[in-house]
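Take a look at the structure below.
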Amino acid sequence: MSALARWCLDAAARRWPAEIRDEMAREWHAELAAIEAEPGGRRRGLGYALSLLTSPPLRDRTGAPRGWAETTGPLAPAAALVLAALLTLAAGQLAGSLTSLLFSAFGFEPYAMTWLPALAEGLVTGAWCLLAGWWLGRRMPLEPAGRLGTATSAAFAPPLIASAMLIPALVDQDPFYLLSLSIGLLVWVPAMAALGVAVVRGRRRALLAVPLISAAGAMAATLPMVLSSRDGLSGGLRAAAASLLAGSPTPEYTVIEDGLSGRAFYYLGPWAITLTAFGVLALAFGIAALRPLPGPAFDFAAAGAAGAGAAGVAGAETGVGPDLARRMPVVVGVGASCVALAVIGWAYTLTILSPAMPGVSATAPMPGGDGEIYLWVAELRWGAILLAALAMLIATAARRRALAAALVLAAALVVANGVLVRAGAAGAGGLRLALLIGGLVVLVAWLVARGPLAGTQSGAAPGMGGSGFGAVPGTGGSGIGAGAVARVARRRVAAAGVVAAACAPLLLTQGTPGVNHPFLPAGLTLTTTGLAVLGVLLAAIPAMALSRRRVPTWAAVALVVLPVAVVVAAGLAPVSVDSEDTGNASFGALAGLPLAVLVVALLRRHRERRRGRTAAVWTLLVLAALPGTVLLLVAALFLGQIVPNLLFATEGRGYPADGLSIVPGAALLMAAVAALVAARLDGLPGRGHRPGPWPAPDPVRPDPVRPGEAVPG
10 MSALARWCLD AAARRWPAEI RDEMAREWHA ELAAIEAEPG GRRRGLGYAL SLLTSPPLRD
70 RTGAPRGWAE TTGPLAPAAA LVLAALLTLA AGQLAGSLTS LLFSAFGFEP YAMTWLPALA
130 EGLVTGAWCL LAGWWLGRRM PLEPAGRLGT ATSAAFAPPL IASAMLIPAL VDQDPFYLLS
190 LSIGLLVWVP AMAALGVAVV RGRRRALLAV PLISAAGAMA ATLPMVLSSR DGLSGGLRAA
250 AASLLAGSPT PEYTVIEDGL SGRAFYYLGP WAITLTAFGV LALAFGIAAL RPLPGPAFDF
310 AAAGAAGAGA AGVAGAETGV GPDLARRMPV VVGVGASCVA LAVIGWAYTL TILSPAMPGV
370 SATAPMPGGD GEIYLWVAEL RWGAILLAAL AMLIATAARR RALAAALVLA AALVVANGVL
430 VRAGAAGAGG LRLALLIGGL VVLVAWLVAR GPLAGTQSGA APGMGGSGFG AVPGTGGSGI
490 GAGAVARVAR RRVAAAGVVA AACAPLLLTQ GTPGVNHPFL PAGLTLTTTG LAVLGVLLAA
550 IPAMALSRRR VPTWAAVALV VLPVAVVVAA GLAPVSVDSE DTGNASFGAL AGLPLAVLVV
610 ALLRRHRERR RGRTAAVWTL LVLAALPGTV LLLVAALFLG QIVPNLLFAT EGRGYPADGL
670 SIVPGAALLM AAVAALVAAR LDGLPGRGHR PGPWPAPDPV RPDPVRPGEA VPG
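Here the sequence shown is numbered in the numbering used here, starting from 10 and rising by one per residue.
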């Protein structure tokens, strides 16, 4: 244990600047020896070493990264590229629907053709990829690394994009198809990475090789088909040729033997067009990264002064300095409460409501099919997980790893949800088990969030905590300034609030005809309405707490009461039991997008305008959000074919024949919108993330700010 602790200290020291590395290692080893000399010191010493190894970096007074951040780039650009790839899958589905409608309008049958619709869909998707890759590459390029230098974005874009391209195989839950796509991507990824590097370094004629590489990837994907054929090598080659050229499947894929269905046959030739479109995304991202838009990195140390200077532009603001310390407990309290309630709602839906659906299906009239009730409870499970993750992001908004904590919570609950659904957890025992698992996951996520942001700049070692707000004159905290903490907290609250406000009321769009309502579990409607109300409260209250301007009491009450009243009235409105109509609960979804606009209005720094003009502009935006909800629903339907299929795959189920999934697609779309909102929340351009040339760090003092020392300016 002692040797492991010393190895961790040495590894942590190697991540520090060379000029102070030896000094830091000597200090840490001396501290470790002192800890191990005490009773039970070896265990505590290992914890001390691990905390140093995994701690986030310090930043000096200029905002220059120290420690880990000097050798590892931020994760946001990589995550944004993966999100863009997911949206590209949705864009491909939308393009397929549009081209199908276009062909039908001209009297062609798209189902009777293969290549022409695939080419048309590929052109539309490729146009999206070109625009998305160029836009993202200029604003969020990957950090240059090692010998690759400026070609880093082009080299690492293909493997990041490939992670999203495997989703169709995961959704189909077919290991054979997953193996085929994986082999194809093993050819496509390194070839596209090498091609991207060559193009970025000036060999633009290499762009002509993109279709060839994509065709090679599609051909490689047929290798399992060739080797696994029951008709030998010749039969496998015939099947591969049919797959690539859109021919008729060979007999082994069409003959049904002994009552068993035939093998699934996949057309991999058109997949080459999909690979070409994603290649355009990777290349556009890599080329655009050569010309990043100007924009400095977020300057923590100057944030306090920037907040004060911005007051002259936007008027007096609240939520900075001592006022921030007073308001953050409200945000943390609301976020933590919503985490608990969302986890309880997830556990109750999973173990009480979901197992009751087969009984409802067996006894209720079910005009039109019973798939809609299974989709209803599935969306409640996923919606509760989404709200729990967003609430964790808000509860940890002023902590160092808030986003990591939210992602850990979401991923762990999705896995737990899939395992418990497969295991058939039900009843009181299943509820206790789900609550226990949910509580443990929440605890782990909270620990992942680490200490407060304001504690990372004190004289203590990283990861050892901090003294909170207001300890350093001139910065408003023991580490980064209170103005900087307010900025970070507002951005996180805004992102989570926008998604929660827009998506939670959409749970009310799920329903079933009135004739089925007498057979539904008593808690189904209450849980649906309760989760929608939870999302409204999660969005509204933290936004008011961190608002840049003081919100009058009457306005604060109206901001909470009105959307809650709309959601409750719509969700609990009685439905005629003699009707096949689903009722008016869907109208409650109209409260979501306008509330999201109000959240942004509260947290955004507004430009100086004539008196009343800002209020008029945002009032018009709120009114425009009402019809915008319809557009969000339509977009969510197209996007919703990706995420729900993947979530159903984790549960070992398939998409129901009846019903339409809304919330997962809307969450995917609103996540991109929320990222843009957060980037522009302070009225800054929000372009680029890479820092400019920082002043050279002091080799003696890694932290130029000491307690009691004022920061110039």
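No residue lacks a Cβ here, since even glycine has one placed at the ideal position from N, Cα and C. Here the structure is a predicted model, which is why all the values come from computation and not from measurement.
{"Item": "Mind checking whether PRO551 and VAL606 have CB atoms under 7 Å apart?", "Value": "no"}
{"Item": "Which term fits SER189, buried or exposed, when burial requires 16 or more other beta carbons within 10 angstroms of its beta carbon?", "Value": "buried"}
{"Item": "So what's ALA319 in DSSP terms, helix, strand or just coil?", "Value": "Low confidence applies here, because ALA319 scores a pLDDT of 38, under 50, leaving its location unreliable and the question unanswered by this model."}
{"Item": "Quick one: Cα of VAL569 to Cα of ALA12, how far?", "Value": "56 Å"}
{"Item": "Near ALA349, which residues of its chain fall below 8 Å by C-beta distance, leaving aside the five closest residues on each side in sequence?", "Value": "VAL451"}
{"Item": "Can you tell me whether PRO636 is buried or exposed, with buried defined as 16 or more other CB within 10 angstroms of its CB?", "Value": "exposed"}
{"Item": "Output the distance between the C-alpha atoms of ASP31 and VAL208, rounded to the nearest integer angstrom.", "Value": "42 Å"}
{"Item": "Who are the near neighbours of SER156 in its chain, counting only those whose CB is closer than 6 Å to its CB and skipping five residues on each side?", "Value": "Note that residue 156 corresponds to Arg in the displayed sequence, not to Ser. The answer is none, since no qualifying residue turns up."}
{"Item": "Hey, would you say LEU440 sits closer than 7 Å to THR360, going by beta carbons?", "Value": "yes"}
{"Item": "Alpha carbon to alpha carbon, how far is SER172 from GLY245? Give it in angstroms, no decimals.", "Value": "28 Å"}
{"Item": "Please determine, among VAL586, PHE596, LEU555, ARG557, the residue with the shortest C-alpha to C-alpha distance to PRO572.", "Value": "PHE596"}
{"Item": "What residues in its chain sit with their C-beta under 7 Å from that of THR638, if we drop five residues either side in the sequence?", "Value": "ALA598, LEU599, GLY601, LEU602"}
{"Item": "In angstroms with no decimal places, state the Cα-to-Cα distance between GLY50 and ILE29.", "Value": "27 Å"}
{"Item": "Under 8 Å, with one C-beta from each stretch per pair, do the stretch 537-545 and the stretch 388-396 reach the 3-pair mark?", "Value": "yes"}
{"Item": "According to DSSP, is GLY76 helix, strand or coil?", "Value": "Residue confidence for GLY76 is low, a pLDDT of 47 falling below 50, so the modelled location carries little weight; the figure read from the coordinates is stated next. GLY76 falls in the helix class under three-state DSSP."}
{"Item": "Going along the chain, which residues of its own chain have a beta-carbon closer than 6 Å to the beta-carbon of ALA293, five neighbours each way excluded?", "Value": "LEU139, GLY142, TRP143"}
{"Item": "Relative to the alpha-carbon of PHE287, which residue among ALA658, PHE117, ALA166 has its alpha-carbon at the smallest distance?", "Value": "ALA166"}
{"Item": "With DSSP as the reference, identify every bridge partner of ARG408, one or two as the case may be.", "Value": "PRO461"}
{"Item": "Give the straight-line distance between the Cα atoms of PRO233 and ARG247, rounded to the nearest whole angstrom.", "Value": "13 Å"}
{"Item": "In chain order, what residues of the same chain have a beta carbon less than 6 Å from the beta carbon of THR134, not counting five sequence neighbours either side?", "Value": "ALA100, GLY101, ALA104, ALA286"}
{"Item": "Look up GLY49 in the DSSP assignment and say whether it is helix, strand or coil.", "Value": "coil"}
{"Item": "Leaving out five residues on either side along the sequence, give the residues of the same chain with a beta carbon under 6 Å from the beta carbon of GLY318.", "Value": "For GLY318, the predicted model reports a pLDDT of 40, less than 50, meaning its position is unreliable; a value from the coordinates is still stated below. So no residue of the chain qualifies."}
{"Item": "So what does GLY433 bridge to, in DSSP terms?", "Value": "According to DSSP, GLY433 bridges with nothing at all."}
{"Item": "Alpha carbon to alpha carbon, how far is ALA298 from PRO48?", "Value": "54 Å"}
{"Item": "Out of curiosity, what's the CA-to-CA distance linking ALA20 and LEU59?", "Value": "10 Å"}
{"Item": "Would you kindly check if the distance between the Cβ of ALA163 and the Cβ of GLY295 is under 7 Å?", "Value": "yes"}
{"Item": "LEU55 and ALA14 - do their beta-carbons sit closer together than 7 Å?", "Value": "yes"}
{"Item": "Taking 8 Å as the cut-off, does the stretch 553-562 touch the stretch 408-427 (at least 3 CB pairs, one atom from each stretch)?", "Value": "no"}
{"Item": "Return yes when the Cβ of LEU515 is within less than 7 Å of the Cβ of ALA675, no when it is not.", "Value": "yes"}
{"Item": "Which residue or residues does DSSP assign as beta-bridge partners of ASP158?", "Value": "Note on identity: in this sequence residue 158 is Gly, with Asp being the wrong assignment. According to DSSP, which records beta bridges pairwise, GLY158 is partnered with ALA154."}
{"Item": "Classify PRO367 as helix, strand or coil using the three-state DSSP reduction.", "Value": "helix"}
{"Item": "Please identify the residue among PRO461, LEU284, ILE170 whose C-alpha is closest to the C-alpha of ILE222.", "Value": "LEU284"}
{"Item": "Taking the alpha helix (DSSP H) that PRO572 belongs to, which residues open and close that run?", "Value": "562-580"}
{"Item": "Which residues mark the beginning and the end of the alpha helix (DSSP H) in which GLY226 is found?", "Value": "219-230"}
{"Item": "From SER243, ALA200, LEU236, SER588, pick the residue whose C-alpha is nearest to that of ALA224; which is it?", "Value": "ALA200"}
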